[in-house]
Amino acid sequence: MNLFGNMQDPWTWQGVLLAVAIILAVLAALNYAAARWAERRNPPKGAFLEVDGVRLHYSDRGSGRPVVLVHGNAVTGDDYNTSGVAERLHGTCRVIIFDRPGYGYSERPRWRPWAAFEQAELLHNALKQLRVERPVVVGHSWGTLVALALAIRHPADTAGLVLLSGYYFPTFRLDALMVAPGATPVLGDILRYTISPVFGWLTMPLTKLAMFAPAPVTARFKAEYSNAMALRPWQIRATCVDGALMVPSAASLQAHYGELAMPVAILAGDGDKIVSYHLAERLRAVIPGSTLRVIPGAGHMVHHVAIDEVVTTILGVAGSSKASTASEEQRPTLGGSPAI
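Numbering-wise (the working numbering), the sequence shown opens with residue 4 and increments by one.
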């Protein structure tokens, strides 16, 4: 007796396909509702500006030397607030933080290229709109690729770089292969609205441990990081596409590192489980005059566990670079909520 019925019966297969379609539709509806609920719980706190047809969410606080903070993957610009780095800089610097395209409340048009150079060009044009001249650019993780691309493409407009836990040279990355399906059109759309958020919720505790290890996850990150915001289908798309673009972006940048003449400071944790600090050592060797500090006991989220070292490094680079007076001109008033 065939316990599964006659598998040649087309109506049986139609029933299975119908059941699968219903399950996926229910998951999609639930994930969409959860994403909108997350946005109601975490409304935008900054302002908006439109750059090259893209609506960017940003904050602009403090006064003094301009410092631009560029976040990594799986987080938003608010990561620099959660770490405490931004608030430590407000007293002496003008601090500008963007949500990179597709993260937080920034748009990410589907059919445009979004490798490191493209993201850097968008932020450069945004800085011009905000009348920010010659900032120190700080990048963490994937954000280091954007910071480097900005400095390579516009060296005269970049006073200095601070690079935290970055990925600088192409290597084999299993995680890039794992996110490739989510970065694929159509298939990725189906996954992001159905299975991917569920998988993300299940693996999030381990993901956070890996991000911070060997240090513990900080209490503030536990309290303020929103899993639900990170697992919205549209942010998962940005996370997956950036993950897939990480290796080719590093490959396109590496030949230009030796051209950088501005102050460059590199920090990495010696226990980083996401990106080995040996890549930071390689970068230090090819950028003339750059400095490297490897933080003992720190992992990938070095700016959360070594705040003093990170802030001191940023202020040091700001102090060693030429001051810009033009950036202190009156800032334009832009649409959206007031900058904070």
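The C-beta atom is built at its ideal place from N, Cα and C for all residues, glycine as well.
Closer than 7 Å: residue i CB and nearest the ligand MN heavy atom
{"i": "residue 122", "result": "What this structure holds is no ligand at all, so the ligand MN is not there to describe."}
Closest residue to residue i among the options (Cα-Cα distance)
{"i": "residue 279", "options": "262, 305, 289", "result": "305"}
{"i": "residue 46", "options": "229, 260, 310", "result": "229"}
{"i": "residue 323", "options": "68, 192, 254, 129", "result": "68"}
{"i": "residue 189", "options": "234, 240, 174, 163", "result": "240"}
{"i": "residue 132", "options": "98, 54, 214, 250", "result": "54"}
{"i": "residue 93", "options": "118, 300, 63, 109", "result": "63"}
{"i": "residue 152", "options": "105, 260, 181, 115", "result": "260"}
{"i": "residue 303", "options": "284, 201, 272", "result": "272"}
{"i": "residue 110", "options": "126, 99, 97, 98", "result": "126"}
{"i": "residue 102", "options": "309, 257, 262, 238", "result": "238"}
{"i": "residue 168", "options": "147, 177, 185, 176", "result": "147"}
{"i": "residue 191", "options": "31, 21, 218, 222", "result": "31"}
{"i": "residue 124", "options": "136, 194, 149", "result": "149"}
{"i": "residue 277", "options": "21, 178, 120, 48", "result": "178"}
{"i": "residue 209", "options": "198, 225, 194", "result": "225"}
{"i": "residue 255", "options": "156, 23, 176", "result": "156"}
{"i": "residue 29", "options": "198, 185, 207", "result": "198"}
{"i": "residue 113", "options": "200, 296, 243", "result": "243"}
{"i": "residue 100", "options": "258, 81, 116", "result": "81"}
{"i": "residue 120", "options": "286, 185, 310, 257", "result": "257"}
{"i": "residue 79", "options": "227, 310, 263", "result": "227"}
{"i": "residue 106", "options": "176, 42, 284, 56", "result": "42"}
{"i": "residue 310", "options": "187, 115, 223", "result": "223"}
{"i": "residue 166", "options": "295, 18, 194", "result": "295"}
{"i": "residue 193", "options": "286, 207, 176, 26", "result": "26"}
Cβ separation of residue i and residue j, assumed to be a contact under 8 Å, to the nearest whole Å
{"i": "residue 44", "j": "residue 51", "result": "Contact doesn't hold; Cβ gap of about 19 Å is too wide."}
{"i": "residue 320", "j": "residue 268", "result": "5 Å"}
{"i": "residue 130", "j": "residue 71", "result": "7 Å"}
{"i": "residue 318", "j": "residue 95", "result": "7 Å"}
{"i": "residue 140", "j": "residue 154", "result": "7 Å"}
{"i": "residue 77", "j": "residue 252", "result": "Not quite, the Cβ-Cβ distance comes to about 16 Å (not below 8 Å), so this is no contact."}
{"i": "residue 73", "j": "residue 142", "result": "4 Å"}
{"i": "residue 353", "j": "residue 162", "result": "The question about residue 353 has no answer, for the chain in this structure spans 4 to 343."}
{"i": "residue 270", "j": "residue 316", "result": "6 Å"}
{"i": "residue 35", "j": "residue 196", "result": "7 Å"}
{"i": "residue 236", "j": "residue 38", "result": "6 Å"}
{"i": "residue 394", "j": "residue 245", "result": "Because the chain is modelled from 4 through 343, residue 394 falls outside the range shown and cannot be assessed."}
{"i": "residue 104", "j": "residue 122", "result": "6 Å"}
{"i": "residue 66", "j": "residue 91", "result": "15 Å between Cβ atoms; not a contact."}
{"i": "residue 292", "j": "residue 217", "result": "Wrong, their Cβ atoms sit about 31 Å apart, outside the cutoff."}
{"i": "residue 221", "j": "residue 308", "result": "7 Å"}
Beta-bridge partners of residue i, as assigned by DSSP
{"i": "residue 60", "result": "51"}
{"i": "residue 296", "result": "270"}
{"i": "residue 166", "result": "142, 269"}
{"i": "residue 68", "result": "96"}
8 Å Cβ cutoff met for residue i and residue j
{"i": "residue 298", "j": "residue 312", "result": "yes"}
{"i": "residue 282", "j": "residue 108", "result": "no"}
{"i": "residue 60", "j": "residue 49", "result": "yes"}
{"i": "residue 234", "j": "residue 204", "result": "yes"}
{"i": "residue 231", "j": "residue 183", "result": "no"}
Any chain C beta carbon closer than 8 Å to residue i
{"i": "residue 234", "result": "The displayed structure is made up of one protein chain only, and chain C is not part of it."}
inquiry  = List, from N- to C-terminal side, the beta strand (DSSP E) runs of 3 residues or more that fit wholly inside the segment 73-161.
reply    = 96-101, 139-143
request  = Go through the segment 9-40 residue by residue and report every complete run of the alpha helix (DSSP H) that reaches 4 residues or more, in order.
outcome  = none
request  = Could you tell me which uninterrupted alpha helix (DSSP H) segments, each at least 4 residues in length, are contained entirely in the segment 221-287, listed from first to last along the chain?
outcome  = 222-227, 230-233, 236-256
ask   = What alpha helix (DSSP H) runs, 4 residues minimum, are completely inside the segment 184-226?
value = For the segment 184-226, whole alpha helix (DSSP H) runs of length 4 or above, ordered along the chain, are 190-196, 198-215.
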